[in-house]
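Accompanying notes for the structure given below.
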Amino acid sequence: MSFSRFIPSAARTALRDAGNRLRFRGIALGSGTYVQGPVSLARGFVTGRHCAILRGAQVLRKTRLGDRCVLGHRTRVGNSTLGAHCTLEPEVELFNSTLADHIELQRHASATDTRIDRFSYVGRRAYLNLVSVGAFSSIGPAVLAGLGDHPSDLGSTSPAMYSTRGQCGGSFASVDCFPERRPIVIGNDVWIGARAFIRDGVSIGDGAIVATGAIVTRDVPPYAIVGGTPAKLIRFRYSEDVIARLLATAWWSWPDDRLREAQPLLASRNIGAFLDWAETCAASVPAAALP
5 MSFSRFIPSA
15 ARTALRDAGN
25 RLRFRGIALG
35 SGTYVQGPVS
45 LARGFVTGRH
55 CAILRGAQVL
65 RKTRLGDRCV
75 LGHRTRVGNS
85 TLGAHCTLEP
95 EVELFNSTLA
105 DHIELQRHAS
115 ATDTRIDRFS
125 YVGRRAYLNL
135 VSVGAFSSIG
145 PAVLAGLGDH
155 PSDLGSTSPA
165 MYSTRGQCGG
175 SFASVDCFPE
185 RRPIVIGNDV
195 WIGARAFIRD
205 GVSIGDGAIV
215 ATGAIVTRDV
225 PPYAIVGGTP
235 AKLIRFRYSE
245 DVIARLLATA
255 WWSWPDDRLR
265 EAQPLLASRN
275 IGAFLDWAET
285 CAASVPAAAL
295 P
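Residue numbers (my numbering): 5 to 295.
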């Protein structure tokens with residue numbers, strides 16, 4: 005039987021905080037933060053309140069967590085900032101990146117030089133490098149975005165001949181002769197299906213859908229559905245007029261209170277009712293009361 009349940013919650017938090025101060029000197033763990041088993045935490049690491057850092061996690065320098073973040077087993081994080089309510093599932097890697105509030109990276113996902121806006125998730129074994137992801141976007145399992153390019157019009161496709169980065173363990177080039185990495189921009193409310201590939205430099209517009217297994221080599225317009233190898237336009241989700249109205253609302257930037265009102269309409273097939281409500285800006289009328 006555990007006797008901890010007989011200890012008042014405030015007292016348990018105080019005991020945990022005292023233990024953290026003794027165990028992790030030079031590290032600012034927020035009140036109520038739970039650390040399980042052996043972990044590696046760099047000096048200067050800062051967390052918000054009530055975070056959880058689980059066994060085997062490795063946190064490198066210049067990392068900051070917001071309130072109620074979870075670092076799963078054997079996660080590796082460095083030079084990154086996480087907003088409140090972010091979860092990194094086991095064996096996630098996150099470097100040089102910024103996460104807004106309410107972000108989840110699922111098992112074995114990897115993100116480097118990446119920025120992800122609120123209420124988005126990245127699926128299992130996805131790989132993001134030099135990517136910007138908007139709010140309310142869904143990145144499916146094993147998506148590849150930001151692998152870098154190789155030239156097809158130079159004398160050699162080997163980085164040893166055109167890159168100073170040393171990917172081959174060395175290089176004959178004294179200057180970079182080819183733009184290997186270009187930023188990828190994924191908009192708001194985008195859904196990218198499992199195992200899709202996004203080429204460097206591509207922009208995917210708000211509300212777009214990328215089908216499973218698609219190879220995206222060109223920009224995707226807002227609210228388009230694309231698929232295939234290479235990806236081609238299948239259709240647009242809505243008419244041109246409705247798309248323009250949706251983009252004008254920019255609902256993904258609304259505060260949480262307004263989103264709670266809008267939720268019944270955003271979760272319905274009656275897009276016209278949502279747009280009518282949004283365009284009236286009738287904050288005093290609950291969205292659930294509209295048809």
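All C-beta atoms, glycine included, are put in the ideal place defined by N, C-alpha and C.
Could you check whether residue j and residue i sit closer than 8 angstroms to each other, using their CB atoms as the reference points?
{"i": "Y125", "j": "S114", "result": "no"}
{"i": "G76", "j": "L86", "result": "no"}
{"i": "A139", "j": "R122", "result": "yes"}
{"i": "L64", "j": "V81", "result": "yes"}
{"i": "P226", "j": "A212", "result": "yes"}
{"i": "H106", "j": "R128", "result": "no"}
{"i": "I317", "j": "L263", "result": "Since the first residue shown for the chain is 5 and the last is 295, residue 317 is missing from the structure and cannot be characterised."}
Mark residue i as exposed unless 16 or more other C-beta atoms lie within 10 angstroms of its C-beta, in which case mark it buried.
{"i": "F278", "result": "buried"}
{"i": "R68", "result": "buried"}
{"i": "G159", "result": "exposed"}
{"i": "P259", "result": "exposed"}
{"i": "V230", "result": "buried"}
{"i": "T79", "result": "buried"}
{"i": "S44", "result": "exposed"}
{"i": "G276", "result": "exposed"}
Looking at the strands, I want to know which residues DSSP matches up with residue i.
{"i": "G82", "result": "F99"}
{"i": "L109", "result": "L92 and V126"}
{"i": "Q171", "result": "The partner list for Q171 (beta bridge, DSSP) is empty, contrary to what the question assumes."}
{"i": "F240", "result": "A228"}
{"i": "S142", "result": "Y125 and W195"}
Could you give the first and the last residue of the continuous alpha helix (DSSP H) run that contains residue i?
{"i": "L132", "result": "Looking at the DSSP string, L132 is not in any alpha helix (DSSP H); the run it does join, the beta strand (DSSP E), is Y131 to N133."}
{"i": "L28", "result": "Note on identity: in this sequence residue 28 is Phe, with Leu being the wrong assignment. Taken as a continuous stretch (DSSP letters only), F28 belongs to no alpha helix (DSSP H), as it is neither H nor E."}
{"i": "T116", "result": "That residue, T116, is in no alpha helix (DSSP H); its beta strand (DSSP E) goes S114 to T116."}
{"i": "R262", "result": "D260 to L270"}
{"i": "G276", "result": "I275 to T284"}
{"i": "A164", "result": "P163 to Y166"}
Examine chain D for any beta-carbon lying closer than 8 angstroms to the beta-carbon of residue i, and answer yes or no.
{"i": "V43", "result": "No chain D appears in the structure shown, which is made up of a single protein chain."}
Identify the continuous beta strand (DSSP E) that holds residue i and give its terminal residues.
{"i": "V206", "result": "From DSSP, V206 is part of no beta strand (DSSP E); its letter is neither H nor E."}
{"i": "V189", "result": "I188 to I190"}
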